[in-house]
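Before any comments, here is the structure.
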Amino acid sequence: HGVLYSKNEHETPCDNGDIEWVIMQMLYWDDYERIDGRWYFRRRLPCYWYATDLNKPPVGEQKMRWPDREHYDGAWHELWPSWQEFWANPPQGDAPGVAAPAPIGEFLNRMRRSSDVPKIRIR
223 HGVLYSKNEH
233 ETPCDNGDIE
243 WVIMQMLYWD
253 DYERIDGRWY
263 FRRRLPCYWY
273 ATDLNKPPVG
283 EQKMRWPDRE
293 HYDGAWHELW
303 PSWQEFWANP
313 PQGDAPGVAA
323 PAPIGEFLNR
333 MRRSSDVPKI
343 RIR
């Protein structure tokens, strides 16, 4: 497995003739397969955190905000059970704010809490 973070920018035409500069934060959840000594993508799932006009920060829910489309959730947080655990009970007082490092090769398993392979809706 592998995770690649991507920060994208899109010049996006609007129905009314305006143009918005949409900034986007996402990641790709990749599965690889080695065939005859070479690595290939077996599957690549895009997972979105937000997309919004540069001048309209995505505060609140449904952070996917493309021009002329209804807002929707990007499935970023569904990918990480550790995110939900953290925000359900954030550190307080003298509690450490950062978890101990994961052992080598175990970072994604630790973050995913051994949950099922993600299935992300693609629009």
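Just so it is clear: in the sequence shown, position 54 is 276 by the numbering used here, and no numbers are missing.
The C-beta atom is built at its ideal place from N, Cα and C for all residues, glycine as well.
Check, Outcome
"Three-state class that DSSP yields for S336 in the structure shown", "coil"
"The region 315-325 contacting the region 259-278, beta-carbon criterion three pairs below 8 Å", "no"
"Sub-8 Å separation of P278 and R287 beta-carbons", "This sequence places Lys at residue 278; Pro is not what is there. Yes."
"Three-state secondary structure assigned by DSSP to N230", "strand"
"Whole-angstrom C-beta distance between G224 and Y254, which should lie under 8 Å", "7 Å"
"Three-state secondary structure (DSSP) of L330", "helix"
"Bridge partners - W298, DSSP secondary structure assignment", "DSSP output for W298 lists no bridge partner at all."
"Residue interval of the alpha helix (DSSP H) (run including Q306)", "303-310"
"Limits of the unbroken beta strand (DSSP E) element including V244", "241-257"
"Buried or exposed by the 16-neighbour rule on C-beta atoms within 10 Å, applied to L301", "buried"
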